[in-house]
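First residue of the sequence shown: 0, per numbering that gives the first Met the number 0; consecutive thereafter. Every residue, glycine too, gets a C-beta built ideally from N, C-alpha and C.
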Amino acid sequence: MFKLLSKESNIFSIPVYIGFLLLVVVIFNILNFNTYEAIVAGITFLGIALGYFCFHSIALNYQTHLPLFLYTFFIFGLYPGNLDIGIAVSLLTNSFLILLLTSADEDIRKKSYVLVGSIVALNFIFLPTTWPMAVFVIIHVIATSAKIGLNLFRFLLGIVLIIFSYFSVMYFVQFTSWNIDYFPFGKMKPVTDYTELLPLIPVVLMLIYAVYDHFKNYNKKSPISRYKYTFLLVFSVAQLISIILYMNKSYEYLLLLAFPSSIILSRMMRFLPKYWMREASVWLIIISLLTFKAGTVFDLF
Numbered sequence: 000m001f002k003l004l005s006k007e008s009n010i011f012s013i014p015v016y017i018g019f020l021l022l023v024v025v026i027f028n029i030l031n032f033n034t035y036e037a038i039v040a041g042i043t044f045l046g047i048a049l050g051y052f053c054f055h056s057i058a059l060n061y062q063t064h065l066p067l068f069l070y071t072f073f074i075f076g077l078y079p080g081n082l083d084i085g086i087a088v089s090l091l092t093n094s095f096l097i098l099l100l101t102s103a104d105e106d107i108r109k110k111s112y113v114l115v116g117s118i119v120a121l122n123f124i125f126l127p128t129t130w131p132m133a134v135f136v137i138i139h140v141i142a143t144s145a146k147i148g149l150n151l152f153r154f155l156l157g158i159v160l161i162i163f164s165y166f167s168v169m170y171f172v173q174f175t176s177w178n179i180d181y182f183p184f185g186k187m188k189p190v191t192d193y194t195e196l197l198p199l200i201p202v203v204l205m206l207i208y209a210v211y212d213h214f215k216n217y218n219k220k221s222p223i224s225r226y227k228y229t230f231l232l233v234f235s236v237a238q239l240i241s242i243i244l245y246m247n248k249s250y251e252y253l254l255l256l257a258f259p260s261s262i263i264l265s266r267m268m269r270f271l272p273k274y275w276m277r278e279a280s281v282w283l284i285i286i287s288l289l290t291f292k293a294g295t296v297f298d299l300f
């Protein structure tokens, strides 16, 4: 399996994976079809499909099938079908953020901070628990920008524009009251029962080892590889904060980690010393995700 997935992907690879993804989304929603679910499913499909193009943008996958396959299988294993619209929008906005912030064109990155601010604000409107993404972008601006003040102003301007537009629309449709439940702080629901997450322990352990191995061999990496991997780790931490603080039993939050996890694990497997370790890792991930899927669908745990 690993040898097959290590082959170089081509121009037809992504459409094939997207086609399979479309089939998964349709199958999981066909029995619960209505206008609202169709809109949510459409946003989910666009967000996840756009994620395939992020692999090329971040350029850490060596152009092989392995990260694409892992990403597809993560989606299959973690996608519950009846997804909350907030998670669906977050998947879409996260893909746009990765494409913009990892663009090879430096001019595009500099001029996109207003759009990035707008995307982060829109993400917050649909899912307030994603506020760590704003912190992630601020850290990214401070760490990578020559003109920190100017780019932070652009980022905040994008946020203000969306907030002003949102309140203007709400006032126009006479929604003038404020629901305090919309404010995410103080409404944290950390996970207290880990029973249903037990099948994912092998995946978690491999992710921990992958991060350890990266920093163990940090000086051997190229500067661009170190930068992009660090970007991916900080992005993952932002998602992880939302998951730890707010997921509780809403396991669809784990979809937010599907993209970074697939890259981190594929790179880890590529550098394992023995072939049997790589093969075993692939099958262990597959079995873990299938077990988790069976547990959530058939309530086995």
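When you compare the CB positions of residue i and residue j, do they come within less than 8 angstroms of one another, or not?
| i | j | result |
| --- | --- | --- |
| F54 | V24 | no |
| F72 | I285 | yes |
| I74 | L254 | yes |
| G50 | Y70 | yes |
| G148 | A120 | no |
| I17 | A48 | yes |
| M276 | L65 | no |
| I138 | V233 | yes |
| V134 | A58 | no |
| Y170 | I124 | no |
| A209 | L271 | no |
| Y245 | T128 | yes |
| V15 | L82 | no |
Once you ignore the five residues that flank residue i on each side, which residues in its own chain have a CB closer than 6 angstroms to its CB?
| i | result |
| --- | --- |
| T95 | It is worth fixing the name first, because residue 95 is Phe in this sequence and not Thr. Closer than 6 angstroms at Cβ, skipping near neighbours: I118. |
| G46 | L90, L91 and S94 |
| L151 | V140 |
| D192 | none |
| T34 | none |
Please classify residue i: does DSSP put it in a helix, a strand, or coil?
| i | result |
| --- | --- |
| T129 | helix |
| T63 | strand |
| P198 | helix |
| K220 | coil |
| Y193 | coil |
| W282 | helix |
| V172 | coil |
| Y78 | coil |
| P272 | coil |
| K109 | helix |
| D104 | coil |
| S89 | helix |
| A120 | helix |
| D212 | helix |
| P259 | helix |
| K292 | helix |
| N150 | helix |
| I183 | Here residue 183 turns out to be Pro, not Ile, going by the sequence shown. Of the three classes helix, strand and coil, the one that applies to P183 here is coil, per DSSP. |
| S56 | helix |
| M246 | coil |
| F32 | coil |
| S235 | helix |
| K227 | helix |
| S167 | helix |
| A145 | coil |
| S8 | coil |
Using only the alpha-carbon positions, how far apart do residue i and residue j sit?
| i | j | result |
| --- | --- | --- |
| S280 | Y252 | 24 angstroms |
| W130 | Y112 | 17 angstroms |
| L288 | F19 | 17 angstroms |
| L283 | G80 | 24 angstroms |
| M205 | R225 | 20 angstroms |
| D104 | A142 | 18 angstroms |
| K329 | Y181 | In the structure as shown, the chain begins at 0 and stops at 300. Residue 329 is therefore absent and cannot be evaluated. |
| R176 | G41 | The sequence as given places Ser at residue 176; Arg does not occur at that position. Those two C-alpha atoms are separated by around 30 angstroms. |
| Y217 | R108 | 26 angstroms |
| P183 | S235 | 20 angstroms |
| F297 | V172 | 43 angstroms |
| S221 | K215 | 14 angstroms |
| V159 | P259 | 29 angstroms |
Just confirm the distance between the C-beta atoms of residue i and residue j, as a whole number of angstroms; I'd bet it's less than 8 angstroms.
| i | j | result |
| --- | --- | --- |
| L99 | V88 | Not confirmed; about 16 angstroms, so no contact. |
| I262 | N60 | 6 angstroms |
| S5 | L67 | Their Cβ separation, rounded to whole angstroms, is 12 angstroms, which puts S5 and L67 out of contact at 8 angstroms. |
| A8 | Q62 | Before going further, note that residue 8 is Ser rather than Ala in the sequence given. With a Cβ gap of about 6 angstroms, S8 and Q62 count as contacting. |
| F154 | V136 | 6 angstroms |
| T295 | Y250 | 6 angstroms |
If you drop the 5 nearest sequence neighbours on each side, which residues of the same chain put their C-beta closer than 8 angstroms to that of residue i?
| i | result |
| --- | --- |
| I240 | P131 |
Below 7 angstroms CB to CB, which residues in the same chain sit around residue i once its five sequence neighbours on both sides are set aside?
| i | result |
| --- | --- |
| F76 | The residue you asked about is not Phe; residue 76 is Gly in the sequence shown. If we look at G76 and ignore the five residues flanking it on each side, its Cβ neighbours are L288, L289, F291 and K292. |
| A257 | Y70, F73, I74 and L77 |
| S144 | N150 |
| I161 | S117, A120 and L121 |
| V202 | I284 and S287 |
| L126 | G85, I86, V88 and S89 |
| F27 | Y78 and G80 |
Do residue i and the ligand SAM come close, with the Cβ less than 7 angstroms from some heavy atom?
| i | result |
| --- | --- |
| N33 | Ligands in the displayed structure: none, and consequently the ligand SAM is not present. |
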